[in-house]
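Residue 1374 is where the sequence shown starts when you use our numbering, and the numbers rise one by one after that. I have placed the structure first, in the form of C-alpha cells, so that the comments after it can refer back to it.
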Amino acid sequence: MNKIVLITGATSGFGKASAEKFAANGYNVIITGRRKDRIEKIKEDLEKKFFVKTLPLVFDVQDKKVVFETLQNIPDEWKKIDVLINNAGLALGRDYFEEADLEDWEIMIDTNVKGILYVTRAILPFMIAEKKGHIINIGSVAGKEVYEKGNAYCASKYAVDAISKALRIDLLRHHIKVTAIHPGAAETEFSLVRFKENEEQAKKIYEGYTPLSAQDVADIIFYCASAPAHVCINDLVVTCLAQANSYYLYKG
C-alpha cells in the first residue's frame, strides 16, 4: 500500500516540488493551498505523470476553523498520513521595525506560526493512532540569525525552530519523528511575494550567484523522510555554496 504525504503550501516552490518528488517515489499525496486552480492543475499533473492518488484540499492555514474542519473530515483511507510537510509560509515586506506594515506582521505570524500549530494539531491524532509518523517543518536560516529589516519574519521562523524542538520532545512517546529544515536563499516565488509582485526587486535578490532551487530542497526533504525507522534528522540548515548564513552571501 502506498505511503501518504500531506504537504501544505503545495501550489508553488518547495511545496510543489515536494509533491512531485514524493509522487515520483510512489507516495499518494494530499496537497493543500489557497489557489484552487493551481491545486486542481497539480492534482491532474501528478496523477497523469506518476499514477498516484491525489487529494486536493483548498484552504488557508491561517483559518483555524477551516483547517480543523477540513483535515479532521478527510476520507478514512487518507488518514494514515506517514509524512506531514508543513511548508506553507511567506515573508511580506523588508522594512525597518518602525516602518513595517502591521498587516504584514499579522499575516506572517498567522501563516508561519499559527498555520503550523493548527495543521499539526489537526492531523496528530491520526499519527498517534498509528504510533508512527514524520513531521517536517520548513523553517529558514532567518530562524537561526536575525538580520536587518527581518524583524517579524525572523521571529516567525525562530518560532518554527522552537515549535519543532517542542514537538520532538512531546512526541517521543508516540514514536513520531520531527525534522526542521532551514533553507537559505532559494529562487522560488518567495521574493516576488515578499516584495509584493515587484519583479525587478525580486530578481535582484538572486543576481551574482546560484541560489538553491525548489527541487534542491525537495530532494533534501525526501532524503530526511527516507531515513531508517530508528533514525531522525532533527535539524538541518542548507544553503547554496555562495551563502554562509543569514548575513554572508558572496556575489561575484
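Where is the CB? At the ideal position from N, CA and C, for every residue including glycine. Note that the coordinates shown come from a computational prediction; the quantities given were computed from them, not determined experimentally.
- Message: Using 8 Å for Cβ pairs, my map puts residue 1551 next to residue 1491. What's the rounded Cβ distance?
- Response: Incorrect: roughly 16 Å between the Cβ atoms, too far for contact.
- For the alpha helix (DSSP H) holding residue 1600, just list the boundary residues, first then last. First-last for residue 1600: undefined, no H or E at that position.
- Query: Can you give the Cα-Cα distance for residue 1606 and residue 1409, rounded to whole angstroms?
  - Reply: 33 Å
- Message: Quick check: what's the CA-CA separation for residue 1617 versus residue 1514?
- Response: 10 Å
- Item | Closest residue to residue 1478 among 1405, 1420, 1567, 1611 (Cα-Cα distance) | 1567
- Identify whether residue 1405 lies in helix, strand or coil by the three-state DSSP scheme. strand
- Message: Can you look up residue 1433 in the DSSP assignment and give me helix, strand or coil?
- Response: coil
- Message: Can you find the residues in the same chain that come closer than 7 Å, C-beta to C-beta, to residue 1608, ignoring five residues on each side of it along the sequence?
- Response: 1553
- Item | Outcome for residue 1621 when other beta-carbon atoms lying within 10 angstroms are tallied against a minimum of 16 | exposed
- Task: Could you confirm whether any beta carbon from chain C is found closer than 9 Å to the beta carbon of residue 1398?
- Result: This model lacks chain C altogether, as it is built from one protein chain only.
- Query: Quick one: Cα of residue 1535 to Cα of residue 1423, how far?
  - Reply: 36 Å
- What did DSSP end up calling residue 1536 once you bin it into helix, strand or coil? helix
- Query: In the segment 1512–1595, which residue ranges form an unbroken alpha helix (DSSP H) of at least 4 residues, counting only runs that do not cross its ends?
  - Reply: 1524–1543, 1563–1567, 1572–1577
- Task: Return the Cβ separation of residue 1462 and residue 1557 in integer angstroms, given the expectation that the two are a contact with Cβ distance under 8 Å.
- Result: About 15 Å separates the two Cβ atoms, so there is no contact after all.
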